[in-house]
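In this note's numbering, the protein residues as written are 721 to 955.
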Amino acid sequence: MNLLAIVKAACAELSLPQPGAVVGSTDSTAVLMLALANTEGRDLARRYGWQAITYEATFTTAATESQGTLASIIGASQELRYIVNDTIWNRTTGDPVLGPRSGRTWQAYKAQTFSAPVYEYRIRGNTLLFMPTPTAGQTCAFEYVSRYWCSDLAGTTYRDAFSADTDLCLVDDELVLMGLLWRWRKAKGFDYAEEHLAYERQVADAMARDGGKATLSLGGETSDAPIAIPRLIGS
Numbered sequence: 721m722n723l724l725a726i727v728k729a730a731c732a733e734l735s736l737p738q739p740g741a742v743v744g745s746t747d748s749t750a751v752l753m754l755a756l757a758n759t760e761g762r763d764l765a766r767r768y769g770w771q772a773i774t775y776e777a778t779f780t781t782a783a784t785e786s787q788g789t790l791a792s793i794i795g796a797s798q799e800l801r802y803i804v805n806d807t808i809w810n811r812t813t814g815d816p817v818l819g820p821r822s823g824r825t826w827q828a829y830k831a832q833t834f835s836a837p838v839y840e841y842r843i844r845g846n847t848l849l850f851m852p853t854p855t856a857g858q859t860c861a862f863e864y865v866s867r868y869w870c871s872d873l874a875g876t877t878y879r880d881a882f883s884a885d886t887d888l889c890l891v892d893d894e895l896v897l898m899g900l901l902w903r904w905r906k907a908k909g910f911d912y913a914e915e916h917l918a919y920e921r922q923v924a925d926a927m928a929r930d931g932g933k934a935t936l937s938l939g940g941e942t943s944d945a946p947i948a949i950p951r952l953i954g955s
């Protein structure tokens, strides 16, 4: 659903007049619904690393400590919320890049002659730092979660707030609708406990299913490991 459809659905459930437009409207209900929808979208995006707003970035190493700003690595179309832990890998060597390291550990490394078989990293001043100094020209990659949780109708411009009635949610639009319902009741001073409880249950279910999950084992193993599939006789 786009923004206008979400707001109309919420108004219908709340027995409110359905607006013909939301963004740019001076109608008090539309103004409030827009503010609440943006609050809901930002809160949903902040509380979990949804697969729909998780992306991959690649970059080529430079023979310096600084590998560039995160904005330059990711590009202008997205804005970083955080790098997913344990996802920075050197694709040239096949090794992980270990980290993130704390400021204390980083400064301890710099106070001595530091060498290691693999690179380690730290994020400081929105810049990605490597130690020891890497070989130039190697390809590294990582996954990250974006701050942008909605997009224009074409799906080419990403945003952290609705700016047109036709904007689409990247996070689950049904959750945004449910969030809009309890937030409106709260804003108006009505009891919202039941709606909020149902909403939290749906959010928990959505997080449990999002992107698929590894099968856990009491032995500590997961289904992440590749499975060797035997060939059929005669194949």
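In this text, a Cβ means the ideal position worked out from N, Cα and C, and glycines have one as well. Quantities reported herein were computed from a predicted structural model and do not represent experimental measurements.
Exercise. Does the pairing of the segment 723–733 with the segment 855–864 give three or more beta-carbon distances under 8 Å?
Worked result: no
Problem set entry | Within 8 Å, strictly: CB atoms of residue 855 and residue 778 | The Cβ atoms of residue 855 and residue 778 do not sit closer than 8 Å to each other.
Problem set entry | residue 801, DSSP secondary structure in three states | strand
Problem set entry | residue 842 classed as buried or exposed, judged by whether at least 16 other C-beta atoms fall within 10 angstroms | buried
Exercise. Taking all protein chains shown into account, do 16 or more other C-beta atoms lie within 10 angstroms of the C-beta of residue 899, making it buried, or fewer, making it exposed?
Worked result: buried
For this session: Run the CB neighbour count on residue 951, radius 10 Å, all protein chains shown included, and call it buried at 16 or more, exposed below.
Result: Annotation note: pLDDT 49 at residue 951 (below 50); position unreliable, no value reported.
Exercise. Can you list, in chain order, the residues of its chain whose CB lies under 8 Å from that of residue 853, leaving out five sequence neighbours each side?
Worked result: 783, 784 and 785
Exercise. For residue 840, which beta-bridge partners are listed by DSSP?
Worked result: DSSP, once it has assigned bridges, lists 818 and 851 as partnering residue 840.
For this session: Taking residue 792 as part of the alpha helix (DSSP H), name the residues at either end of that continuous run.
Result: 790–794
Exercise. Got a sec? Which residues, its chain only, sit under 8 Å from residue 729 by beta carbon, not counting five neighbours each side?
Worked result: By the criterion of a C-beta distance shorter than 8 Å, residue 729 is surrounded in its chain by 721 and 897, once the five residues flanking it on both sides are discounted.
For this session: Please determine, among 775, 788 and 915, the residue with the shortest C-alpha to C-alpha distance to residue 847.
Result: 788
Exercise. Between 815, 881, 893 and 731, which lies nearest to residue 922 when the distance is taken from Cα to Cα?
Worked result: 893
Exercise. For residue 809, which of helix, strand or coil comes out of DSSP?
Worked result: strand
For this session: Hey, could you find the ends of the beta strand (DSSP E) residue 919 is sitting in?
Result: Here residue 919 belongs to no beta strand (DSSP E); instead the alpha helix (DSSP H) covers 913–929.
Exercise. Just the Cα atoms here: how many angstroms apart are residue 731 and residue 829?
Worked result: 58 Å
For this session: Look up residue 775 in the DSSP assignment and say whether it is helix, strand or coil.
Result: Reduced to three states, the DSSP call for residue 775 is strand.
Problem set entry | Chain-order list of residues whose beta-carbon lies under 6 Å from that of residue 867 (same chain, five-residue window excluded) | Around residue 867: 799, 801 and 880.
Problem set entry | residue 740 versus residue 931: straight-line alpha-carbon distance, rounded | 35 Å
Problem set entry | When 735, 887 and 857 are compared against residue 871, the one with the closest alpha-carbon | 887
For this session: From the DSSP output, read off the bridge partner residues of residue 722.
Result: 888
Exercise. Is it buried or exposed for residue 754, if we count other Cβ within 10 angstroms and need 16 for buried?
Worked result: buried
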